[in-house]
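Asker:
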Amino acid sequence: MLTTAEAVPVAAPRSALRRLTIAEAKLFVRERYGIIWGVGFPLILLIIFGNIPAFRQPSKNLGGLTYLEAYVPILIAFVIAILSINAMPAILAGYRERGVLRRMATTPVGPSRVLAAQLMVNLVLAVCTLILILGVAWLAFGVSLPRQPGGFAVAAIFTLAALLALGLFVAAVAPSGRGANAIGALLFFPMMFFAGLWLPRAAMPPVLRDISDFTPLGAAVQALQDSAQGHWPHPLYLAVMACYALVFGVAAARLFRWE
Numbered sequence: 205m206l207t208t209a210e211a212v213p214v215a216a217p218r219s220a221l222r223r224l225t226i227a228e229a230k231l232f233v234r235e236r237y238g239i240i241w242g243v244g245f246p247l248i249l250l251i252i253f254g255n256i257p258a259f260r261q262p263s264k265n266l267g268g269l270t271y272l273e274a275y276v277p278i279l280i281a282f283v284i285a286i287l288s289i290n291a292m293p294a295i296l297a298g299y300r301e302r303g304v305l306r307r308m309a310t311t312p313v314g315p316s317r318v319l320a321a322q323l324m325v326n327l328v329l330a331v332c333t334l335i336l337i338l339g340v341a342w343l344a345f346g347v348s349l350p351r352q353p354g355g356f357a358v359a360a361i362f363t364l365a366a367l368l369a370l371g372l373f374v375a376a377v378a379p380s381g382r383g384a385n386a387i388g389a390l391l392f393f394p395m396m397f398f399a400g401l402w403l404p405r406a407a408m409p410p411v412l413r414d415i416s417d418f419t420p421l422g423a424a425v426q427a428l429q430d431s432a433q434g435h436w437p438h439p440l441y442l443a444v445m446a447c448y449a450l451v452f453g454v455a456a457a458r459l460f461r462w463e
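Take any residue in the sequence shown, note its place counting from 1, add 204, and you have its number in the working numbering.
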């Protein structure tokens with residue numbers, strides 16, 4: 205299997221990050237996991253939901269929203285979660301397991317640039333997929349674009365920060381690529397439940413909704429939903445995501461091992 209260490213020759217530090225990012229992007233596409241599950245699967249779900257007539261009718265249980273409108277922020281959260289806590293940690297932990305990061309430490313490139321390149325690849329892919337989901341929902345199914353675009357952008361940035369920090373923490377503590385996959389799966393499914401994938405937040409009992417408010421994806425979905433409907437995201441949801449980003453970002457920085 206081609207690794208970053210093999211794909212990127214020793215380069216001056218100024219150009220190393222650019223070369224690493226290009227190499228990581230190629231490897232990411234070649235592995236296909238992130239593309240299939242992080243991009244293809246949520247788009248397929250969007251198309252399926254959009255072609256169900258009942259999903260395009262306003263629902264009293266959702267405060268007048270259609271199920272499709274309620275699910276667009278959930279699918280965006282799905283994309284960010286898959287890329288951040290499933291795809292990225294498995295790659296980084298696998299690099300450490302195979303000694304790639306240790307070998308990179310002996311070159312001018314340095315292993316820290318591998319982390320930066322991975323973050324950039326996942327960030328760009330998440331943003332592009334977010335735009336794609338919004339565009340398909342708008343053009344194909346008549347879902348309005350966010351009515352508070354500034355608030356939506358802020359909510360998306362906070363979501364990315366919280367989930368990428370959590371993903372780096374998983375990569376820091378996972379003993380191997382398979383271990384990172386297992387930890388990511390254990391985190392992904394409960395988080396997506398509280399994000400509303402199986403039961404939209406608006407339809408949850410009050411107790412579950414209160415718990416959801418303090419999970420990273422529950423707060424993210426509500427912040428995205430609020431801004432999509434024309435409201436600025438509530439400070440509580442932004443604060444929850446900022447706390448996750450800070451706590452897990454600091455923990456990842458302290459616990460991350462290069463070998």
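Glycine is no exception: its CB is placed at the ideal position from the N, C-alpha and C atoms.
The structure displayed is predicted, hence computed values, not measured ones.
Rounded C-beta distance between Val276 and Val347? I'm assuming under 8 Å.
Answerer: As a first step, residue 276 must be located in the sequence shown, where it is residue number 72. As a first step, residue 347 must be located in the sequence shown, where it is residue number 143. Right, the Cβ-Cβ distance comes to about 6 Å (below 8 Å), so this counts as a contact.
Asker: Phe398 and Leu368 - do their beta-carbons sit closer together than 8 Å?
Answerer: Counting from one through the sequence shown, the residue named residue 368 turns up at place 164. Counting from one through the sequence shown, the residue named residue 398 turns up at place 194. For Leu368 and Phe398, no; Cβs fall outside 8 Å.
Asker: Could you tell me which of Gln352, Asn385 and Thr419 sits nearest to Gly400, measuring between CA atoms?
Answerer: Mapped onto the sequence shown, residue 400 falls at position 196. For Gly400, the nearest C-alpha among the options comes from Thr419.
Asker: Looking only at C-alpha atoms, which of Gly244, Val377 and Pro262 sits nearest to Leu296?
Answerer: Residue numbering aside, residue 296 sits at position 92 when the sequence shown is read from its first letter. Among Gly244, Val377 and Pro262, the Cα nearest to that of Leu296 belongs to Val377.
Asker: With a 10 Å radius around its C-beta and 16 neighbouring C-beta atoms as the bar for buried, classify Leu403 as buried or exposed.
Answerer: For the purposes of this step, residue 403 is taken as the residue at position 199 of the sequence shown. Its Cβ having fewer than 16 others within 10 Å, Leu403 is exposed.
Asker: Rounded to a whole number of angstroms, what is the C-alpha to C-alpha distance between Ala365 and Met445?
Answerer: Walking along the sequence shown from the start, residue 365 turns up at place 161. Walking along the sequence shown from the start, residue 445 turns up at place 241. Rounded to whole angstroms, Ala365 to Met445 spans 8 Å at the Cα level.
Asker: DSSP on Pro410, reduced to helix/strand/coil?
Answerer: Taking the sequence shown and counting its residues from 1, one reaches residue 410 at position 206. Helix.
Asker: Following the continuous alpha helix (DSSP H) through Pro353, name the residue where it begins and the one where it ends.
Answerer: The residue you call residue 353 lines up with position 149 of the sequence shown. Pro353 to Val377 is the span of the alpha helix (DSSP H), which, as asked, contains Pro353.
Asker: For Thr270, which beta-bridge partners are listed by DSSP?
Answerer: Within the sequence shown, the letter at position 66 stands for residue 270. Beta-bridge pairing links Thr270 to Pro262.
Asker: Give a yes or no on whether the C-beta atoms belonging to Ile289 and Leu391 are separated by under 8 Å.
Answerer: Position 85 of the sequence shown, counted from the start, is the residue given in the question as residue 289. Position 187 of the sequence shown, counted from the start, is the residue given in the question as residue 391. Yes. Within cutoff.
Asker: Which of helix, strand or coil does DSSP assign to Pro246?
Answerer: The residue labelled residue 246 in the question sits at position 42 within the sequence shown. Pro246: helix per DSSP, three-state reduction.
Asker: On the three-state DSSP scale, how would you describe Glu463?
Answerer: For the purposes of this step, residue 463 is taken as residue 259 along the sequence shown, with counting starting at 1. Looking at Glu463 - three-state DSSP - the assignment turns out to be coil, as it is neither helix nor strand.
Asker: Where does Ala209 land, buried or exposed, given buried means 16+ other C-beta within 10 angstroms?
Answerer: The residue labelled residue 209 in the question sits at position 5 within the sequence shown. Low local confidence applies: a pLDDT of 47 at Ala209 is under 50, so the model's placement there is unreliable, with the coordinate-based value given in what follows. Classification for Ala209: buried.
Asker: Can you tell me whether DSSP reads Ser439 as helix, strand or coil?
Answerer: Your numbering for residue 439 matches position 235 in the sequence shown. The amino acid occupying residue 439 in the given sequence is Pro; Ser does not appear at that position. Helix, per DSSP.
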